[in-house]
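*Asks:* Structure below; questions to follow.
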Amino acid sequence: MYLNAAWWYFAMLIQFYLIFPLLFWMARRLGPWWFLIIACAAGFFARYILLVVWPQNGLWVLGGFAICRLPEFALGMSLAMWHRQSSARVEWFLLRGPGFVVGLILYPAALQLYHGLYPYIFCDFATSTCCMLEIVGIAGIISLSSAPAKLFGLVGVYSYGLYLIHQPYVIWLGLRIREVPIWMFLLICIPALAVLSAWGMLLEKGSNTLVNKLVSLRKPAHT
Numbered sequence: 002m003y004l005n006a007a008w009w010y011f012a013m014l015i016q017f018y019l020i021f022p023l024l025f026w027m028a029r030r031l032g033p034w035w036f037l038i039i040a041c042a043a044g045f046f047a048r049y050i051l052l053v054v055w056p057q058n059g060l061w062v063l064g065g066f067a068i069c070r071l072p073e074f075a076l077g078m079s080l081a082m083w084h085r086q087s088s089a090r091v092e093w094f095l096l097r098g099p100g101f102v103v104g105l106i107l108y109p110a111a112l113q114l115y116h117g118l119y120p121y122i123f124c125d126f127a128t129s130t131c132c133m134l135e136i137v138g139i140a141g142i143i144s145l146s147s148a149p150a151k152l153f154g155l156v157g158v159y160s161y162g163l164y165l166i167h168q169p170y171v172i173w174l175g176l177r178i179r180e181v182p183i184w185m186f187l188l189i190c191i192p193a194l195a196v197l198s199a200w201g202m203l204l205e206k207g208s209n210t211l212v213n214k215l216v217s218l219r220k221p222a223h224t
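See below:
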């Protein structure tokens with residue numbers, strides 16, 4: 002399940018892909034609110050079983066058993082449904098500041114859920130929701146200015162690949178410079194991150210080009 006720490010959710014994503022048709026059917030049948038409530042109940046119950054009743058390796062709770070992360074996945078699906086119903090209202094909340102403020106206020110409280118076994122059942126959902134509100138809120142602020150929006154948009158296109166590729170290098174580098182003074186740490190870290198980002202973007206772009214060529218070769222020619 003873990004090739005390196007950046008790939009922890011691959012097994013979880015595969016499971017969600019397999020059960021997504023069922024989740025999609027439930028969401029359409031129940032509506033976003035009831036779907037989210039039922040999904041949260043199922044996810045929290047699964048975490049309760051694996052954390053309290055039948056304690057297992059924590060990797061199963063993090064994503065090895067996808068139902069433990071169902072609340073976060075269901076929240077994304079519900080947000081998509083709410084956006085379809087009222088896109089202006091959802092975008093105002095997420096991109097124009099209210100969501101950012103809510104996430105900022107609630108995040109310290111969410112961190113308190115790390116203290117204790119029972120509170121930890123709800124920890125991942127609470128912290129990830131607050132982080133999502135912060136990230137989307139910052140994206141909304143950046144989008145108000147065209148130049149930063151273009152730069153961050155470019156990085157965002159390749160962000161998943163950057164995350165997967167740069168993580169082992171950053172850990173390796175961090176372990177070797179953690180004892181240096183802060184000024185030297187920044188002097189080394191900032192250009193290193195820039196180089197790794199450029200390398201990751203180049204590698205992902207090349208991989209996408211190669212895959213597209215291979216796929217096009219497999220397509221039958223039309224007469």
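Residue numbering for the sequence shown follows our numbering, starting at 2 and increasing by one per position.
Even for Gly, the Cβ is constructed at its ideal location relative to N, Cα and C.
These numbers were taken from a predicted model, which means no experiment stands behind them.
1) Tell me which same chain residues have a C-beta within less than 7 Å of the C-beta of leucine 71, skipping the five on either side of it?
2) Leaving out the 5 sequence neighbours to the left and right, which residues in its chain are closer than 7 Å to isoleucine 143 when beta-carbon positions are compared?
3) In angstroms with no decimal places, state the Cα-to-Cα distance between serine 208 and glycine 201.
4) Among the candidates Gly32, Val158 and Trp184, whose CA atom is the shortest distance from the CA of lysine 206?
5) How big is the Cα-Cα spacing for tyrosine 10 and serine 160?
6) Would you kindly check if the distance between the Cβ of leucine 96 and the Cβ of glycine 141 is under 8 Å?
7) Helix, strand or coil for phenylalanine 123? Go by DSSP, reduced to three states.
8) Could you pull out every unbroken alpha helix (DSSP H) segment of at least 4 residues lying fully inside the region 88-146, listed in chain order?
9) Grab me the residues of isoleucine 68's own chain with a C-beta within less than 7 Å of its C-beta, minus the 5 sequence neighbours each way, in chain order.
10) Could you check the C-alpha separation between cysteine 131 and leucine 14 for me, to the nearest Å?
11) Determine the DSSP secondary structure at tyrosine 159, reduced to helix, strand or coil.
12) Flag this pair as yes or no: are the beta carbons of glutamate 73 and phenylalanine 126 separated by less than 8 Å?
13) Under the three-state reduction of DSSP, which class applies to tryptophan 26: helix, strand or coil?
14) Does the structure place the region 26-37 close enough to the region 77-84 that three or more beta carbon pairs sit under 8 Å?
15) On a CA-only basis, which of Ala12, Ile106, Tyr49 and Leu215 is nearest glycine 117? Give me that one, please.
16) Note down, in chain order, each residue of its chain lying with its Cβ closer than 8 Å to the Cβ of proline 99, except the 5 sequence neighbours on either side.
17) Use the C-beta contact count for leucine 145: other C-beta atoms within 10 angstroms, 16 or more gives buried, fewer gives exposed.
18) Kindly give me the distance between the Cβ atoms of isoleucine 189 and isoleucine 178, rounded to whole angstroms, as I take these residues to be in contact under 8 Å.
19) Helix or strand or just coil, what does DSSP make of glycine 65?
20) If you drop the 5 nearest sequence neighbours on each side, which residues of the same chain put their C-beta closer than 8 Å to that of leucine 174?
21) How would you label isoleucine 122, buried or exposed, when you count the other beta carbons within 10 angstroms and need 16 or more for buried?
22) Between the C-alpha atoms of isoleucine 136 and valine 102, what's the straight-line distance to the nearest angstrom?
23) Between Ile106, His84, Tyr119 and Val212, which has its C-alpha nearest proline 56's C-alpha?
24) Alanine 199: buried (16+ other C-beta within 10 angstroms of its C-beta) or exposed?
*Replies:* Walking through what the data contain:
1) The answer, listed in chain order, is Ala40, Ala43 and Gly44.
2) Within the same chain, Cβ atoms closer than 7 Å to the Cβ of isoleucine 143 are found at Pro149, Ala150 and Phe153, the five residues on either side in sequence being excluded.
3) Glycine 201 has its alpha-carbon roughly 10 Å from the corresponding atom of serine 208.
4) If we check each option's Cα against that of lysine 206, Val158 comes out closest.
5) Whole-angstrom Cα-Cα distance: 15 Å.
6) Contact: yes.
7) Three-state result, phenylalanine 123: coil.
8) With a minimum length of 4 residues, the continuous alpha helix (DSSP H) runs that stay inside the region 88-146 are 88-96, 99-112, 118-121 and 124-143.
9) Excluding sequence neighbours, isoleucine 68 sits near Ala43, Gly44 and Ala47.
10) C-alpha separation (whole angstroms): 21 Å.
11) Note: tyrosine 159 maps to coil in three-state DSSP.
12) Going by beta carbons, glutamate 73 and phenylalanine 126 fall inside the 8 Å limit.
13) Reduced to three states, the DSSP call for tryptophan 26 is helix.
14) Cβ pair count under 8 Å is three or more, so yes.
15) The shortest CA-to-CA distance from glycine 117 to any of Ala12, Ile106, Tyr49 and Leu215 is the one to Tyr49.
16) If you ignore the 5 residues before and after proline 99, its C-beta comes within less than 8 Å of the C-beta of Trp93, all in its own chain and listed in chain order.
17) Leucine 145 should be labelled exposed.
18) Under the criterion of beta carbons closer than 8 Å, isoleucine 189 and isoleucine 178 qualify as touching, at roughly 5 Å.
19) Glycine 65: helix per DSSP, three-state reduction.
20) Taking leucine 174 as the centre and dropping the five residues before and after it, the same chain places the C-beta of Ile189, Cys190 and Ala193 closer than 8 Å to its C-beta, in chain order.
21) With 16 or more Cβ atoms within 10 Å of its Cβ, isoleucine 122 is classed as buried.
22) Taking the straight line from one Cα to the other gives about 11 Å.
23) Out of Ile106, His84, Tyr119 and Val212, Tyr119 has the C-alpha closest to the C-alpha of proline 56.
24) Its Cβ having fewer than 16 others within 10 Å, alanine 199 is exposed.
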